[in-house]
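Chains as they are written, first to last, in the numbering used here: chain L, 4 to 129; chain F, 4 to 129. Note that the Cβ used here is the ideal one computed from N, Cα and C, for glycine as well. It should be emphasised that the depicted structure is a prediction, and the values quoted were computed from it without experimental measurement. Remarks on the structure that follows.
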């Protein structure tokens with residue numbers, strides 16, 4: 004069985020879940036090269052749609068993701084990574100998880116506090 | 004803040020996580036109508052890319068997903084649902100989770116047993 008990269012123009016969504024707590028930390032995309040790099044190196048590597056290049060998560064921040072387990076779904080068109088995060092969070096806005104906004108009625112509310120200062124980690128850039 | 008449906012031609016990925024155990028059960032897609040239906044009814048509703056129509060999860064199988072919480076990420080282009088599943092599993096192949104295959108070396112291995120008989124639940128169709 005091979006991953007099916009055909010449905011999203013060469014990409015598959017990659018869900019990133021904390022291996023110990025089970026918290027979903029982020030969703031990114033992988034092309035075949037990013038998937039292979041992830042499997043071979045043991046560090047999560049994605050494909051940045053905005054920058055159109057491989058994205059070694061944590062390369063600039065140091066917040067890399069050590070991959071403990073890789074699963075795929077019934078249609079082989081999505082990947083689920085269980086990771087051990089290095090550092091206090093994965094989100095460029097300074098949160099442990101990118102999913103820090105919850106729907107309350109019809110509003111999205113940021114319902115938790117930052118775990119690090121993104122300006123100190125990323126400087127001016129994301 | 005509004006969800007950003009522009010990056011995938013009107014869709015956002017929707018990660019579905021078991022509200023109690025934290026297991027990631029499936030990934031599907033939502034258009035704006037599916038998102039609104041999910042938020043308003045409290046049952047997970049997706050957009051089927053293959054059938055090109057709204058997909059009320061569990062409508063045929065009875066295995067509906069009661070939505071307990073909805074989150075979005077920093078870029079507002081992905082949704083995370085925490086759900087209470089009705090029934091023994093969400094996967095049309097008869098598993099609790101669609102993510103039943105794990106990477107071992109270079110092979111994807113189905114590493115668990117089915118929780119229901121898909122032929123009995125879905126008949127000949129998915």
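For residue 119 of chain F, the secondary structure class from DSSP, reduced to helix, strand or coil, is coil. Within the same chain, and ignoring the five residues on either side of residue 31 of chain F in sequence, the residues whose Cβ sits closer than 6 Å to its Cβ are 17 and 49. Taking a Cβ-Cβ threshold of 9 Å, none of the residues of chain L is close to residue 122 of chain F; the smallest such distance is about 15 Å. Taking 8 Å as the CB threshold, residue 19 of chain F stays off the interface with chain L. Below 8 Å, enough C-beta pairs join the stretch 47 to 64 of chain L and the stretch 21 to 35 of chain L to call them touching: three or more. By alpha-carbon distance to residue 38 of chain L, the top candidate from L/60, L/105, L/90 and L/87 is L/60. Taking a C-beta cut-off of 8 Å against chain F, the contacting residues of the stretch 75 to 89 of chain L are 75, 76, 77, 78, 79, 81 and 83, listed in chain order.
Going by DSSP, residue 38 of chain F is part of the alpha helix (DSSP H) stretching over 35 to 44. Chain-ordered, the chain F residues with CB closer than 7 Å to the CB of residue 16 of chain L read 16 and 30. Taking all protein chains shown into account, residue 20 of chain L has 16 or more neighbouring C-beta atoms within 10 Å of its C-beta and is therefore buried. Using a CB distance below 8 Å, the part of the stretch 32 to 44 of chain F facing chain L consists of 42, ordered along the chain. With contacts defined as CB atoms closer than 8 Å, residue 93 of chain L and residue 28 of chain L qualify as a contacting pair. For residue 97 of chain L, same chain residues with a beta-carbon under 8 Å away, outside a window of 5 residues either side, are 117, 118, 119, 120, 121 and 124 in chain order. Within chain L, 74 and 75 have C-beta atoms less than 7 Å from the C-beta of residue 104 of chain F, given in sequence order. Residue 43 of chain L and residue 69 of chain L do not touch by the CB rule: their CB atoms are close to 14 Å apart, not below 8 Å. Contact between residue 7 of chain L and residue 80 of chain L holds, with the beta-carbon distance rounding to 4 Å and staying under 8 Å.
Chain F has no Cβ within less than 8 Å of the Cβ of residue 92 of chain L.
For residue 57 of chain F, the closest alpha carbon among the candidates F/114, F/89 and F/41 is that of F/41. Residue 54 of chain F counts as exposed, since fewer than 16 other beta carbons sit within 10 angstroms of its beta carbon.
When only Cα atoms are considered, residue 67 of chain L and residue 36 of chain L end up about 18 Å apart. Distance from the CA atom of residue 95 of chain F to the CA atom of residue 74 of chain L, rounded to whole angstroms, is 17 Å. The beta-carbon of residue 95 of chain F is placed less than 8 Å from the nearest beta-carbon of chain L. The beta carbon of residue 111 of chain L sits closer than 8 Å to some beta carbon of chain F.
Judged by their CB atoms, residue 89 of chain L and residue 126 of chain L are not nearer to each other than the 8 Å cut-off.
With fewer than 16 other CB atoms across the displayed protein chains lying within 10 angstroms of its CB, residue 110 of chain L is exposed. Beta bridge pairing from DSSP links residue 107 of chain F with F/110.
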